[in-house]
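Be aware that the sequence shown starts at 1, since it is given in the UniProt record's numbering, and climbs by one per residue.
For every residue, glycine included, the Cβ atom is placed at its ideal position computed from N, Cα and C.
What follows is a single structure, written as structure tokens, with notes after it.
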Amino acid sequence: MPYYRTAGSVPPKRHTQHRAPDGSLYFEELMGEEGFSSDSSLLYHVNIPSAITAYRSWELPDQSLVPNHPLTPRHLSTHDLFGEGASGADAVTGRRLLLGNGDVRLSYVVADTASPYYRNAIGDECLYVEAGTARVETVFGDLPVSDGDYVVIPRATTYRIVPDGPVRLYAVEANSHISPARRYLSRYGQFLEHAPFCERDLRGPEDLRVVAERDVEVYIKHRGNGPGGIAGTVHTLPHHPFDVVGWDGCLYPYVFSIHDFEPLTGRVHQPPPAHQVFEGDNFVICNFVPRKVDYHPLAIPVPYYHSNVDSDEVMFYCGGDYEARKGSGIGQGSISLHPGGHPHGPQPGAYERAIGAESFDELAVMVDTFRPLELGEAARACDDGVYAYSWAKDGKGAGK
């Protein structure tokens, strides 16, 4: 995170005694990145944070991946995975893997029950709320979320998600850290004037509290010998993981609303980096929001055809009317995969229809990866099988 916060009770000097009203010592935990050479926070626990009384394996949802071969652009209908309304799933164990590689995994879930307490020990998570409202409870405090919110959760943060009703979540799980795009930040971490959002747009945790419950399970996703090098373990703690009386630092979960992103526009069509929000190792996250479009008198507002020679492009369509994809079958909740090596762009007719348009009303989250993506079980289950042919004049092809 680019700036410092404090919550609850902390001592005047770090790494010194901090005592409860009864005289007992609180237990200080340093949570830090990159071998304590980058951002960190200090948390003060009522109980010893290392204590566990039992452990067992957690059988993760299917994490298997298969190559996108033969090389094919794809349309995935995520709403077909869970249908409409309640699902009986939670936002952690109910995630279904769509796409992934050694750097990032993309999943989708419709959740209507509280998740278990959870900790991702592999990398940061960025959760996008497509629809619904929920409370993300964390060891740092609570984060209320609703439609259009990104929730960035640092690696190894203990949290759970409590939906108010059915909530649709698109999960980006990194094998690294996720941060705002570096070009938006000064060398000291402040957002620069050209950035499309700033510190005022970020919502930190609130309502820090100590929970007295005992014998609580925490589900942990970590490196292992399972599919994708991932494994799961459940630890039973003798106390509740939310026993922090105070914390301070620059590492904590936060929320940013896609509706607070101020789009950068120009006389001619702007390239995808103009839409970037976050970045991780070997991938970036961008968003496309309602905006004025190109105002050159000869402009063609939809994207030009383009080849991502170094990356795969994944677009999650989460609102509005996406002009460039009309006629392809893509709608709310769709995901398109445009793999490197295949040029892509507007559907037939979109080029001509866009001329003269003054604005677009569209909402989409894009993930570009710099290593090829493979297909998870959810992608294989909701692939429409015909998207690859949608640029041909008759929309037909010879088969998969």
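One thing to note: H18 has its Cβ within 8 angstroms of the Cβ of E28.
Rounded to the nearest angstrom, the gap between the Cα atoms of G132 and V145 is 8 angstroms.
Close CB contacts of S186 within its chain, under the 7 angstroms cut and outside five residues either way in sequence, are with L192 (chain order). DSSP, read as helix, strand or coil, puts Y184 in helix. In the DSSP assignment, C198 falls outside any alpha helix (DSSP H), carrying neither H nor E. Nearest Cα to D294 within the set E137, T265, H306, S311: T265. Within its own chain, the residues whose Cβ lies closer than 8 angstroms to the Cβ of E33, once the five positions on either side in sequence are excluded, are D39, S40, P154, R155, H177, L251, listed in chain order.
Rounded to whole angstroms, the separation of the alpha carbons of R14 and Y317 is 46 angstroms. If only uninterrupted beta strand (DSSP E) runs of at least 3 residues are considered, those enclosed by the region 207-285 are 216-223, 230-237, 244-249, 254-257, 276-280. The three-state secondary structure of L97, taken from DSSP, is strand. Partner residues in the beta bridge of C126, as assigned by DSSP, are V152, V172. With 16 or more other CB atoms across the displayed protein chains lying within 10 angstroms of its CB, S328 is buried.
Annotation: the continuous beta strand (DSSP E) that includes L76 extends over 74-77. Distance from the CA of S9 to the CA of T157, rounded to the nearest whole angstrom, comes to 19 angstroms. In this chain, Y4 is not harboured by any beta strand (DSSP E), its DSSP state being neither H nor E. Excluding its 5 nearest sequence neighbours in each direction, Y170 has C-beta neighbours in its own chain below 7 angstroms: Y108, Y128, E130, F316, V365, listed in chain order. Secondary structure at F191: strand, using DSSP grouped into helix, strand and coil. Only exposed fits F36, as fewer than 16 other CB atoms lie within 10 angstroms of its CB. Rounded to the nearest whole angstrom, the C-alpha separation of M31 and E358 is 48 angstroms. Pairing A354 with A174, the inter-Cα distance amounts to about 36 angstroms. Boundaries of the beta strand (DSSP E) around Y55: 54-57. Within 10 angstroms of the beta-carbon of Y4 lie fewer than 16 other beta-carbons, which makes it exposed.
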